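Engineer:
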Amino acid sequence: MKVTEHIKNAKGETLFSFEIIPPVKGKSIQELYDNIDPLMEFEPPFIDVTTSREEYVYIDRDGLFDKRLTRMRPGTLGICASIKHKYDVDTVPHVLCGGFTKEETEYLLVDCHYLGIDNVMALRGDAMKEEQYFEPTNGGHKYASDLVKQIQGLNRGEYLHEVIETDNCADFCVGVAGYPEKHMEAPSLNSDLKRLKEKVDLGAEYVVTQMFFDNKKYFDFVQAARDMGIKVPIIPGIKPIAVKRHLQLLPQVFRVDIPEELIEAVEGCKNNKEVRQVGIEWCIEQSKELKAGGVPVLHYYSMGKSDNIKAIAKEVF
Ligand code: FAD
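Be aware that the sequence shown starts at 1, since it is given in the UniProt record's numbering, and climbs by one per residue.
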């Protein structure tokens, strides 16, 4: 079922969902199941599965290093299929511009359709580690909006090289990313919102936000989006801080601010066990306020670990 239908059917109740990342190549999928199992009691209508960009590795060949491109965490679609089958839950694969040609994206979408996947998140992806700025892949898309256009074309039977008239068209519900504290490359929050509106005008049916630690940022963002005419559901994505290093890492990677009160609480912790508890408590308060504010879904970035998300969900759902 489409994410938007789940939201409609919930009739104003806030739903619980989460995002997982595929295991590193060579690892078993069991660890993923072990972390999903405890969360299923909160009845997520959908689970997102991220896609990671390819990266360069250097292979030692008798002292000479070969530079090779590889994907460390492949398997997004396989995981989507296995989870959908195992738990009877909708899964949302993240589809990226970066690292994929338009043809590869088309084939991926065809596979999604065969597997009965009804939703996809259309994302640009970040720059590769070696790049300062995002470089579109040869034959790939530059912006997530181009990806939304391709997916909506496919929904109408418009393949890249032909139009196929069929009564078996895909009907993907497309989600896109939104940034309450603006995307790091955007010159202003307002111009970033205009770009978000373009994605919605091209057919994105819901938005999932980047993590934030101050709910005011989310509520202001939703208001600004509504003022701009963005009417689709805006799902808050949130993440509990889990280790002290997150104080530097999360602002650096995701360009988000951390409120002073949370910084002080984390800095006052003697070890990461205490930090994890502070993160849980902050996230419970955030979740309760967002739920009271009528958000359609609370979407948790689990990073593949469920103990803290379970502790939060128990207090909120
Ligand atoms: P876009 O919407 O294309 O925007 C990128 C930048 O370009 C923005 O600054 C925007 O303002 C600007 N822009 C957009 N259109 C134009 C235009 N026409 N002209 C000029 N500027 C323009 N990354 C992964 O690698 N894998 C994942 O699975 C993944 N999942 C994510 C899930 C969520 C909910 C979120 C919020 C992010 C996720 N990301 C993921 C990260 C995401 O790929 C990065 O944040 C990326 O840098 C931007 O992606 P986007 O889809 O928002 O890009």
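Where a beta carbon is used, it is the ideal one built from N, C-alpha and C, also for glycine. These numbers come from a predicted model, not from an experiment.
I need the straight-line Cα distance from T137 to K270, nearest angstrom please.
Structural biologist: Residue 137 sits at position 137 when you count from the first residue of the sequence shown. Residue 270 sits at position 270 when you count from the first residue of the sequence shown. One C-alpha to the other measures close to 45 Å.
Engineer: Using CA coordinates, which residue listed in N215, H183, G175, Y114 is at the minimum distance from Q252?
Structural biologist: The residue labelled residue 252 in the question sits at position 252 within the sequence shown. Comparing Cα positions, the closest option is H183.
Engineer: Tell me whether the beta-carbon of A122 lies closer than 7 Å to the beta-carbon of V148.
Structural biologist: The residue labelled residue 122 in the question sits at position 122 within the sequence shown. The residue labelled residue 148 in the question sits at position 148 within the sequence shown. Their beta carbons are under 7 Å apart, which means A122 touches V148 by this criterion.
Engineer: State the Cα-Cα distance for the pair P74 and Q286, rounded to the nearest angstrom.
Structural biologist: Indexing the sequence shown from 1 puts residue 74 at position 74. Indexing the sequence shown from 1 puts residue 286 at position 286. Cα to Cα, the separation comes out at about 32 Å.
Engineer: Could you check if R53 is buried or exposed, using at least 16 other CB atoms within 10 Å of its CB as the buried criterion?
Structural biologist: Indexing the sequence shown from 1 puts residue 53 at position 53. Buried is the call here.
Engineer: So, are the CB atoms of F213 and L262 less than 7 Å apart?
Structural biologist: The sequence position of residue 213 within the sequence shown is 213, counting from 1. The sequence position of residue 262 within the sequence shown is 262, counting from 1. Closer than 7 Å, so yes.
Engineer: Cα-Cα, which of P44, K216, D88, P23 is closest to G293?
Structural biologist: Here residue 293 is taken as the residue at index 293 of the sequence shown, counted from 1. Nearest option by C-alpha distance: K216.
Engineer: With a cut-off of 8 Å, do at least 3 Cβ pairs link the region 40-55 to the region 84-91?
Structural biologist: Cβ pair count under 8 Å is three or more, so yes.
Engineer: Identify which residue in L77, G78, A204, E55 has its Cα closest to the Cα of K67.
Structural biologist: The residue labelled residue 67 in the question sits at position 67 within the sequence shown. With distances taken between Cα atoms, K67 lies closest to E55.
Engineer: Please confirm whether R276 and A242 have their CB atoms less than 7 Å apart.
Structural biologist: For this step, residue 276 is matched to residue 276 along the sequence shown. For this step, residue 242 is matched to residue 242 along the sequence shown. It is a contact, given that the beta carbons lie within the stated cut-off.
Engineer: Taking buried to mean at least 16 other C-beta atoms within 10 Å of its own C-beta, is K273 buried or exposed?
Structural biologist: Position 273 of the sequence shown, counted from the first residue, corresponds to residue 273. The residue in question, K273, is exposed, as its Cβ has fewer than 16 Cβ neighbours within 10 Å.
Engineer: Roughly how many whole angstroms lie between the Cα atoms of I309 and K86?
Structural biologist: Locating residue 309 in the sequence shown gives position 309, counting from the first residue. Locating residue 86 in the sequence shown gives position 86, counting from the first residue. About 21 Å.
Engineer: Output needed for K129: all residues of its chain with C-beta closer than 7 Å, excluding positions within five of it in sequence on either side, in chain order.
Structural biologist: Residue 129 sits at position 129 when you count from the first residue of the sequence shown. Around K129: E55.
Engineer: How about the region 101-111 and the region 159-171: do they share at least three Cβ pairs that are nearer than 8 Å?
Structural biologist: Touching, yes, given that three or more Cβ pairs across the two stretches are closer than 8 Å.
Engineer: Is any heavy atom in the ligand FAD found nearer than 6 Å to the beta carbon of V316?
Structural biologist: Counting from one through the sequence shown, the residue named residue 316 turns up at place 316. No.
Engineer: Going by the beta-carbon positions, is the gap between G304 and N35 smaller than 7 Å?
Structural biologist: On the sequence shown, position 304 is the one that residue 304 refers to. On the sequence shown, position 35 is the one that residue 35 refers to. Yes, Cβ-Cβ distance for G304 and N35 is below 7 Å.
Engineer: Where does L15 fall in DSSP's three states?
Structural biologist: As a first step, residue 15 must be located in the sequence shown, where it is residue number 15. Strand, per DSSP.
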